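Some notes on the structure that comes next.
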Amino acid sequence: MNRDDLLLLLDEYEARLDDGSNLGEVSSRESESGTVARIRQLILDHANCFDRDCLPGHITASAWIVSREHRSVLLTHHRKLDRWLQLGGHTDGEADVLAAAIREAEEESGLRDFRPLPLDAGPRILDVDVHVIPAHGREPAHEHHDIRFMLEVSEAQTIQHQEAESHSVQWFPAGGIESRFEEESLARMASKAAIWLARDLGA
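This is the structure in structure tokens:
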């Protein structure tokens, strides 16, 4: 996957917004299209958009992770931001954002053999988000233009989280998860994931 491939993925994502198939209960087409436009413009304007030194923002990659056995949801309690979030992080120059999301999931959880969903299709974006990361030390405040996928992995493995990055990595029951945490984007991803699993994946 390269820069042009990501632009095509964003086009396909926006097309699903138009037909309503990628709008969860807490989503709106207007706000999501605006987010897609901001990410697309970043990619077009900045040749180094995948590098963390690209300011005022850069592309990041993350994943809504469900267990293969029970469809539980894997979240990390981020040490710096002090809240529960999906797993993910910087692409560090990697234009293949799906590969970056899988790499981050492996590094942050210690789990292996992640598979992107849906299984019978090519890469498909679950959600996009642009959010501000507060200044920290010498690092100025900046934006993460986050590309989010859905992955599945076996829950039978032992989690080995990176203590430097998170307080904990933990499985949560999928039922009611959208109301368990204050993070709005978690509720949005939970809503979309439920639609995917029920409609597209036949779960």
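Yeah, the sequence shown ends on 1416 if you go by the numbering used here, and it's all consecutive.
We treat Cβ as the ideally placed atom computed from N, Cα and C, and that holds for glycine.
In this text the structure is predicted, and so the values were computed from the model without any measurement.
Taken in chain order, the complete alpha helix (DSSP H) segments of 4 residues or longer contained in the stretch 1294-1323 are 1310-1322.
Inter-residue distance for residue 1233 and residue 1410 is about 16 Å (C-alpha atoms, whole angstroms). As the crow flies, the alpha-carbon of residue 1395 is around 24 Å from that of residue 1270. Counting along the chain, residue 1247 sits inside no beta strand (DSSP E); it lies in the alpha helix (DSSP H) bounded by residues 1242-1258. Between the stretch 1389-1403 and the stretch 1300-1311 there are fewer than three C-beta pairs closer than 8 Å, too few to call the two in contact. Linking residue 1365 to residue 1384 through their CA atoms gives a straight-line distance of about 12 Å. Leaving aside the five residues that flank residue 1404 on each side, the residues in its chain whose CB is nearer than 8 Å to its CB run, in chain order, 1237, 1238, 1239, 1240, 1391.
According to DSSP, residue pairing for residue 1363 in a beta bridge involves 1277, 1330. The beta carbons of residue 1368 and residue 1275 sit no closer together than 8 Å. One thing to note: residue 1263 has its Cβ no nearer than 8 Å to the Cβ of residue 1311.
For the set 1227, 1235, 1335, the Cα lying nearest the Cα of residue 1408 is the one of 1235. In the displayed model, residue 1392 falls within a helix according to three-state DSSP. The stretch 1218-1229 makes contact with the stretch 1242-1261, as at least three CB pairs between them are under 8 Å. Its Cα nearest to that of residue 1215, the residue 1257 stands out among 1350, 1343, 1257. Spatial neighbours of residue 1297 in its own chain (CB-CB distance under 6 Å, excluding positions within 5 residues in sequence) are listed in chain order as 1288, 1290, 1394. Of the residues 1315, 1242, 1380, 1295, the one whose Cα lies closest to the Cα of residue 1301 is 1315.
Where residue 1342 is concerned, the enclosing beta strand (DSSP E) starts and stops at 1340-1346. Judged by DSSP secondary structure, residue 1268 falls outside any beta strand (DSSP E); it is assigned neither H nor E. Cβ contact annotation for residue 1293 (same chain, cutoff 7 Å, sequence separation greater than five): 1349, in chain order.
Here residue 1329 really is in contact with residue 1336; their C-beta atoms are around 6 Å apart, less than 8 Å. Taking the CA atoms as reference points, residue 1229 sits about 10 Å from residue 1339.
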